[in-house]
Amino acid sequence: VRWCERENSHKVFSTRLKLSQFKEKKKSKKIIIVFVAIIFLIGGVAIGITFANFKVQKSFKIMEGNFIYEGSGDITLAFYNGDKSLTKMPQKNNREGFIFERGECDKNASVEWDSNAWAPKILNLQETKTTCKLYFVKPSDSICSSSGEDSGACFLAKKSSTDKTNMIYDETKDNNLRFIGANPNNYVTFNNETWRIIGVMNNVEDESGETKSHIKIIRDSIGYYSWDVSESNVNKSVGVNEWSTSVIAKVLNENYYKKEAGGTCYNVSNLDLVTPVTVSCPAWNNIGLDNNARAMVSKVKWNLGTIPLAYDKNQNLINPTYMYEAERSKNTGKICPKDANRCSDNENRTTMWPGYVGLMYPSDYGYATSGGGESQRQACLTTNSNWQNENYCYDNNWLKDKNNERSWTITPAPYSNSSAFVMRLSKNGYIDSDIASSSFLENDVYYGVVKPTVYLNSNVKIELDSNTNYGTSANPYRLS
1 VRWCERENSH KVFSTRLKLS QFKEKKKSKK IIIVFVAIIF LIGGVAIGIT
51 FANFKVQKSF KIMEGNFIYE GSGDITLAFY NGDKSLTKMP QKNNREGFIF
101 ERGECDKNAS VEWDSNAWAP KILNLQETKT TCKLYFVKPS DSICSSSGED
151 SGACFLAKKS STDKTNMIYD ETKDNNLRFI GANPNNYVTF NNETWRIIGV
201 MNNVEDESGE TKSHIKIIRD SIGYYSWDVS ESNVNKSVGV NEWSTSVIAK
251 VLNENYYKKE AGGTCYNVSN LDLVTPVTVS CPAWNNIGLD NNARAMVSKV
301 KWNLGTIPLA YDKNQNLINP TYMYEAERSK NTGKICPKDA NRCSDNENRT
351 TMWPGYVGLM YPSDYGYATS GGGESQRQAC LTTNSNWQNE NYCYDNNWLK
401 DKNNERSWTI TPAPYSNSSA FVMRLSKNGY IDSDIASSSF LENDVYYGVV
451 KPTVYLNSNV KIELDSNTNY GTSANPYRLS
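Here our numbering is used: the first residue of the sequence shown is 1, the next is one more, and so on.
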């Protein structure tokens with residue numbers, strides 16, 4: 001009996017112990033519940049603050065991309081390449097080279113594309129559950145659609161998908177396909193001569209108003225000549241920086257283009273570097289464009305916008321991105337008052353010129369660099385420099401002419417005291433400017449070299465070749 005009592009006593013004690021433990025657990029549970037409630041309360045406040053910020057924030061990251069909007073409400077974004085859904089918005093530096101094509105939104109919202117920010121901008125976002133579809137295309141698809149599947153431009157665009165050494169898209173608003181590097185395989189037979197392909201230029205408008213993709217090619221020097229000259233009472237005889245009326249534009253688009261004798265060419269004395277003199281033009285019957293070549297050249301609208309402050313080395317504004325935008329601007333080559341030094345011309349300025357034969361742009365040179373690598377190239381494209389100290393930019397650039405001191409471009413350079421300066425390329429690898437009449441030979445060095453540049457018709461084809469290395473100097477591309 002005593003044993004049973006002790007046993008029962010133990011059971012009572014044991015039961016009480018368990019009740020006590022239960023009470024302690026219940027108390028702990030209450031603490032946990034309170035703690036969790038506090039966390040939820042803090043989280044709710046944070047979410048509320050975040051949501052409030054979201055309602056007023058105008059730009060933020062989405063899926064590794066940018067998104068800009070005007071208005072309020074919420075939105076669902078979807079990304080497509082044709083009918084194929086993409087898992088995220090393509091990035092600006094993507095190797096596949098996607099470009100924005102169009103956007104569609106419901107509930108009266110609309111899409112604009114900000115190429116600089118590489119972001120969609122949603123306008124009139126007012127309602128909840130708004131949906132926008134953003135369509136991206138590969139540049140090769142866009143080029144082939146513009147010029148035709150059997151065009152030379154389409155051929156190069158398709159080739160670029162596997163050839164990442166010689167070609168790359170420049171990521172401008174037109175996303176042109178460029179040949180890059182110290183010596184890319186961009187040689188082409190044209191006019192029974194060897195020329196080189198600058199690239200496939202997109203959104204080029206021809207004389208009929210059609211906008212297509214065109215192959216752009218450049219010849220080696222035809223000689224050293226003044227870009228322009230003028231009378232002694234006009235800009236003190238050193239020329240006018242208006243391409244449409246320049247002497248070199250005239251002979252290139254009349255005598256050179258038509259392969260006709262005649263024309264007047266100039267250079268200056270290597271003694272005074274000022275007074276222009278008449279010299280013999282090249283033998284146009286030997287180097288002018290023949291019938292087959294003329295049939296391949298498109299008359300297009302060339303951009304003549306100038307590069308403000310580009311000549312000012314202290315400003316350090318010269319880089320390909322800046323140049324490309326400026327060339328397509330409404331800036332003209334005359335910003336000086338008429339009483340300024342070398343600023344007395346009365347030529348009408350234009351920023352668009354229809355013609356067959358021009359010269360390269362400063363940006364053509366800038367975008368031709370490979371930099372020796374992807375990161376170096378990006379530095380060359382964005383650095384605020386004229387490359388005088390960045391030898392990796394110009395040493396890896398096939399348009400650098402180490403044999404000629406100055407090669408003309410088509411682009412005028414505005415000065416506050418002169419309307420006679422033109423952008424040119426130095427053999428040292430940087431872009432600066434010189435007076436339009438400056439062209440001479442000194443100590444076996446040529447100053448003011450002229451290199452004809454043309455856009456080929458969009459239907460020009462590149463003949464297929466079983467040799468995988470064609471495009472080299474020994475085996476150039478062939479056109480038809």
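By construction, the Cβ of each residue, glycine as well, lies at the ideal position given by its N, Cα and C atoms.
On a predicted model such as this, the values are computed, not experimentally measured, just so you know.
Rounded separation between residue i and residue j - CA only
{"i": "Gly366", "j": "Pro320", "result": "5 Å"}
{"i": "Asn185", "j": "Asn346", "result": "45 Å"}
{"i": "Tyr477", "j": "Asn192", "result": "12 Å"}
{"i": "Asn348", "j": "Cys336", "result": "14 Å"}
{"i": "Val277", "j": "Ser226", "result": "9 Å"}
{"i": "Arg219", "j": "Gln91", "result": "35 Å"}
{"i": "Thr189", "j": "Asn166", "result": "18 Å"}
{"i": "Glu327", "j": "Ser407", "result": "18 Å"}
{"i": "Asn403", "j": "Gly181", "result": "18 Å"}
{"i": "Val56", "j": "Tyr69", "result": "With a pLDDT of 39 at Val56, under the threshold of 50, the modelled position of that residue is not reliable, and no figure is offered here."}
{"i": "Ile554", "j": "Met323", "result": "Nothing can be reported for residue 554, as the shown portion of the chain is limited to 1 through 480."}
{"i": "Tyr224", "j": "Ser110", "result": "53 Å"}
{"i": "Lys427", "j": "Glu104", "result": "49 Å"}
{"i": "Leu420", "j": "Thr275", "result": "Per the sequence presented here, residue 420 reads as Ala, with Leu not at that position. Each residue's Cα considered, the two are about 14 Å apart."}
{"i": "Tyr415", "j": "Asp228", "result": "17 Å"}
{"i": "Glu390", "j": "Leu125", "result": "46 Å"}
{"i": "Met352", "j": "Trp243", "result": "10 Å"}
{"i": "Ile215", "j": "Ile307", "result": "24 Å"}
Classification of residue i by the beta-carbon crowding that lies within 10 angstroms, buried from 16 upward
{"i": "Leu441", "result": "exposed"}
{"i": "Asn267", "result": "buried"}
{"i": "Leu464", "result": "exposed"}
{"i": "Asn241", "result": "buried"}
{"i": "Phe51", "result": "Reliability fails at Phe51, whose pLDDT of 42 lies under 50, so the model's placement of it is uncertain and the value that follows must be treated cautiously. Flag for Phe51 reads exposed."}
{"i": "Ile318", "result": "buried"}
{"i": "Lys212", "result": "buried"}
{"i": "Thr87", "result": "exposed"}
{"i": "Asp444", "result": "exposed"}
{"i": "Thr76", "result": "exposed"}
{"i": "Ile38", "result": "exposed"}
{"i": "Asp106", "result": "exposed"}
{"i": "Ala283", "result": "exposed"}
{"i": "Arg102", "result": "exposed"}
{"i": "Thr264", "result": "exposed"}
{"i": "Lys461", "result": "buried"}
{"i": "Ser9", "result": "The pLDDT assigned to Ser9 is 42, lower than 50, so where the model puts this residue is not dependable, and the model offers no usable value."}
{"i": "Glu405", "result": "buried"}
{"i": "Ala157", "result": "buried"}
{"i": "Asn202", "result": "buried"}
Three-state secondary structure (DSSP) of residue i
{"i": "Gly448", "result": "strand"}
{"i": "Lys212", "result": "strand"}
{"i": "Asn404", "result": "coil"}
{"i": "Asp170", "result": "coil"}
{"i": "Val183", "result": "Note that residue 183 is Asn in the sequence shown here, rather than Val. In the structure shown, Asn183 sits in coil (DSSP, three-state: anything other than H, G, I, E or B)."}
{"i": "Pro276", "result": "strand"}
{"i": "Val357", "result": "coil"}
{"i": "Ala78", "result": "strand"}
{"i": "Pro90", "result": "coil"}
{"i": "Ser151", "result": "coil"}
{"i": "Leu289", "result": "coil"}
{"i": "Trp387", "result": "coil"}
{"i": "Thr306", "result": "coil"}
{"i": "Gly505", "result": "The structure shown does not extend to residue 505, since the chain is modelled only from 1 through 480, so no value can be given for it."}
{"i": "Leu464", "result": "coil"}
{"i": "Lys258", "result": "helix"}
{"i": "Cys336", "result": "coil"}
{"i": "Ala420", "result": "coil"}
{"i": "Ile248", "result": "helix"}
{"i": "Ser85", "result": "strand"}
{"i": "Lys129", "result": "coil"}
Beta-ladder partner(s) of residue i, from DSSP
{"i": "Lys296", "result": "Checking the sequence, you will find Met at residue 296 rather than Lys. Per DSSP, none; premise fails for Met296."}
{"i": "Ile217", "result": "Ile197, Val454"}
{"i": "Ala119", "result": "Asp114"}
{"i": "Asn267", "result": "Val277"}
{"i": "Ser426", "result": "Arg406"}
{"i": "Arg328", "result": "None; Arg328 has no bridge partner."}
{"i": "Tyr69", "result": "Ile122"}
The segment 388 to 397 contacting the segment 196 to 212, beta-carbon criterion three pairs below 8 Å: no
Contact the segment 144 to 154 vs the segment 450 to 468: 3+ CB pairs below 8 Å: yes
Three or more C-beta pairs below 8 Å linking the segment 426 to 444 and the segment 164 to 184: No: fewer than three Cβ pairs fall under 8 Å.
Cβ pair count under 8 Å reaching 3, the segment 162 to 173 against the segment 206 to 214: no
Inter-stretch contact (C-beta, 8 Å, three-pair minimum) for the segment 337 to 357 and the segment 234 to 250: yes
Sufficient close CB pairs (3 or more, under 8 Å) joining the segment 134 to 150 to the segment 282 to 296: no
Meets three-Cβ-pair contact criterion under 8 Å: the segment 240 to 257 and the segment 349 to 363: The segment 240 to 257 vs the segment 349 to 363: in contact.
The segment 325 to 332 touching the segment 371 to 387, judged by at least three CB pairs closer than 8 Å: With contact defined as three or more Cβ pairs closer than 8 Å, the segment 325 to 332 and the segment 371 to 387 are not in contact.
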